[in-house]
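K.L.:
Protein chains in written order, with the working numbering: chain A, 71 to 207; chain B, 71 to 207.
There are 2 protein chains.
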Amino acid sequence: MTAPRRAMLRALSQAGVPLSVQQIHEEANRILNPENGVGEEELDLVTAYRFANLLAEKNLAQRIEFNEGYFRYEIAESSERPHHHHLVCRSCGKIEDFQDCGLTHLTTRLEKESGFKVAEHKLEVFGTCPQCQITSR
Amino acid sequence: MTAPRRAMLRALSQAGVPLSVQQIHEEANRILNPENGVGEEELDLVTAYRFANLLAEKNLAQRIEFNEGYFRYEIAESSERPHHHHLVCRSCGKIEDFQDCGLTHLTTRLEKESGFKVAEHKLEVFGTCPQCQITSR
DNA sequence: TTGAATGCAAAATTTTTGCATGGAA
DNA sequence: TTCCATGCAAAAATTTTGCATTCAA
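1) Using three-state DSSP, classify Ala-131/B as helix, strand or coil.
2) Can you pull the chain B neighbours of Phe-168/A, defined as C-beta to C-beta under 9 Å?
3) Closer than 8 Å, CB to CB, is Cys-213/B near chain A or not?
4) Can you check whether the C-beta of Thr-117/A is within less than 8 Å of a C-beta belonging to chain B?
5) Ordered along the chain, which non-local residues of its own chain (more than five positions away) have a Cβ less than 7 Å from that of Lys-187/B?
6) Evaluate contact between the segment 167-185 of chain B and the segment 125-143 of chain B, counting only Cβ atoms and requiring at least three cross-stretch pairs below 8 Å.
7) On the CB-based measure, 16 or more other CB atoms within 10 Å of its CB, does Ala-189/B come out buried or exposed?
8) I believe Ile-94/A touches Leu-82/A by the beta-carbon criterion, under 8 Å. Please report the beta-carbon distance rounded to the nearest angstrom.
9) Does chain B have any CB closer than 8 Å to the CB of Thr-205/A?
10) Glu-147/B: buried (16+ other C-beta within 10 angstroms of its C-beta) or exposed?
11) Tell me which residues share the same chain as Ser-90/A and place their Cβ nearer than 8 Å to its Cβ, disregarding the 5 neighbours each side in the sequence.
12) Report the rounded CA-to-CA distance for Ala-77/A versus Ala-131/A, giving the unit in angstroms.
13) Using CA coordinates, which residue listed in Leu-79/B, Gly-86/B, Thr-72/B is at the minimum distance from Pro-152/B?
14) Within this structure, are the beta carbons of Leu-193/B and Lys-192/A separated by less than 8 Å?
15) For Glu-144/B, decide whether its Cβ has a neighbour in chain A, counting only Cβ atoms nearer than 8 Å.
16) Throw me the rounded Cβ distance for the Ser-184/B and Glu-166/A pair, which I believe falls under 8 Å.
17) Given the structure, does Leu-125/A come close to the ligand MG, in the sense that its CB is under 7 Å from one of the ligand's heavy atoms?
18) Helix, strand or coil for Arg-179/A per DSSP?
19) Between Leu-193/A and chain B, is the shortest Cβ-Cβ distance under 8 Å, so that the two count as touching?
20) Alpha carbon to alpha carbon, how far is Ile-145/A from Arg-120/A? Give it in angstroms, no decimals.
21) Let's test the definition: count the other Cβ atoms within 10 Å of the Cβ of Thr-178/A and tell me whether it reaches 16, buried, or not, exposed.
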């Protein structure tokens, strides 16, 4: 367990929302040394890519997509942070979690109808958060 | 309406499943001239990128993500092809559609609980298709 | 001490942009 | 004719790989 990895894990857990590799890189560098500016990072972007891939391979993190064209990473489900999905504000990017997606019913139905064995589902909900609804009026 | 665009639209509609830009490019070239091999395409990959972006901007196509790290494109919902989601085989890549995702309930609940105005949801289901379940035994 | 993780450089891949040409309407 | 779409070249952005060095255990 090295300092860069500790910083990246901390970045992920304190963010509380899925982060892109770029964001992991930025946040982790801030944690390592808040004084540093851009270009004087101690943590290389390559290391962030490698670590993110590693986490995903080992199923320690999940890859999430918000229709941005790249992955975000989030610490895997656990008893502390159980199965959940995201409600994303298209305007300001705010992310809220929600649980009880109620998809077990659907899963059962699909398995019956299609013969597939369902392993997982990916659900993200997009809209406008309360603040942005006011602002945009 | 040019030949390349006609071919790309036809590729999308005859595929019936969301295609990546690379796939749109390949399929459209096949349609334009089945004799051509790789490297002698008449349709440039750049054109496929531009057209895919155009379709998405104009809401004539939807961007779909299957956790592959890139977008797939699918002709937008219509009365002929109403709101649906995808059931994707992780083993062979087979894609089946399904309707009645039953998420209006969830949407209502989320709007009430979070104050968000929900605009859309992304749902994709992953698993193993019947054939692959047999093969992998 | 030793293997794994890192940084740096470079390469590979993917996507976008600029610009002159060509073709549809 | 006129403007938009295209191809080609090049650039930009993103992600991966190679390798020597460093560091945690």
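Note that beta-carbon positions come from the ideal geometry of N, C-alpha and C, so glycine has one too.
P.N.:
Put simply:
1) It is a strand residue.
2) Under the 9 Å cutoff, chain B gives Leu-176, Arg-179, Leu-180, Glu-183, Ser-184.
3) For residue 213/B there is no data in the structure shown, the boundaries of chain B being 71 and 207.
4) Output row for Thr-117/A: interface = no.
5) Result list for Lys-187/B: Glu-181, in chain order.
6) As far as the Cβ criterion goes, the segment 167-185 of chain B does not touch the segment 125-143 of chain B, which means the pair count is below three.
7) Flag for Ala-189/B reads exposed.
8) Confirmed, Cβ separation roughly 7 Å.
9) The beta carbon of Thr-205/A sits no closer than 8 Å to any beta carbon of chain B.
10) Counting every other CB atom within 10 Å of its CB across the protein chains shown gives Glu-147/B a total below 16, marking it as exposed.
11) So the list reads Glu-138, Tyr-140, Phe-141, Arg-142, Tyr-143, once near-sequence residues are dropped.
12) So the alpha carbons of these two residues sit roughly 15 Å apart.
13) For the options Leu-79/B, Gly-86/B, Thr-72/B, the alpha carbon positioned closest to that of Pro-152/B is the one of Gly-86/B.
14) Closer than 8 Å, so yes.
15) Closer than 8 Å: no.
16) At roughly 6 Å, the Cβ-Cβ gap stays under 8 Å, so Ser-184/B and Glu-166/A are in contact.
17) Summarising the ligand content, the structure contains no ligands, and the ligand MG is consequently not present.
18) Note: Arg-179/A maps to helix in three-state DSSP.
19) By this cut-off, Leu-193/A is an interface position.
20) The alpha-carbon of Arg-120/A is positioned some 15 Å away from that of Ile-145/A.
21) When all chains shown are included, Thr-178/A counts as exposed.
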